[in-house]
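Undergrad: First residue of the sequence shown: 24, per our numbering; consecutive thereafter.
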Amino acid sequence: IATKEAPVHENVKQAILAASELDTRLVMRPLRNTERVLNNAAVERIVEKEKALGDKLTFADIIDEVAGVYPRIMQNGEMDLGAWSCGMVAGLIHDIPTCKELIDRIMNEAEEIINKRFANMLAG
């Protein structure tokens with residue numbers, strides 16, 4: 024979603040750009056529905072509820088932070104409204120390229136790896 028063409032709010036893209044791999048949290052473990060999310064105010068509320076309730080946590084306890092929040096985050100850019108999935112890979116994202124630029128970059132990097140690391144195998 025961190026491309027120019029991605030139909031998500033600019034706030035989402037900027038949050039991903041600003042994130043490091045340390046800015047994600049695992050939530051909903053007591054519910055056996057673990058999700059990695061980008062840390063924000065809503066995620067902090069979930070974590071506090073998890074600590075306070077432990078194994079007694081139910082979905083009803085965190086419904087405000089997880090139910091129906093994606094459209095308002097992704098379309099309206101209301102970043103602290105709720106928890107939204109984001110992997111540690113966010114720490115590797117440093118720009119917002121076009122889709123073409125991203126694919127070209129991936130292909131160039133793959134070719135470079137193949138040529139440098141596997142040169143002996145390819146030579147012979």
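We put the beta carbon where it would ideally sit given N, CA and C, even for glycine.
May I have the straight-line CA-CA distance separating PRO94 from GLY100, to the nearest angstrom?
TA: Computed Cα separation, rounded: 9 Å.
Undergrad: State the Cα-Cα distance for the pair ALA29 and LEU80, rounded to the nearest angstrom.
TA: ALA29 and LEU80: Cα-Cα distance of roughly 35 Å.
Undergrad: Can you list the alpha helix (DSSP H) stretches of 4 or more residues lying completely in the region 70-114, in chain order?
TA: Qualifying alpha helix (DSSP H) stretches, in chain order: 82-89, 93-97.
Undergrad: Going by alpha carbons, who is nearest to ASP77 out of ALA41, MET111, ASN34, ARG55?
TA: The question names Asp, but residue 77 is Gly in the sequence shown. For GLY77, the nearest C-alpha among the options comes from ARG55.
Undergrad: Hey, could you find the ends of the alpha helix (DSSP H) ARG128 is sitting in?
TA: Where ARG128 is concerned, the enclosing alpha helix (DSSP H) stretches over 122-140.
Undergrad: From the DSSP output, which residues share a beta bridge with VAL60?
TA: Beta-bridge pairing links VAL60 to ARG48, SER108.
Undergrad: Determine the direct distance from the alpha carbon of HIS32 to that of LYS139, and round the result to whole angstroms.
TA: Cα-Cα distance, rounded: 39 Å.
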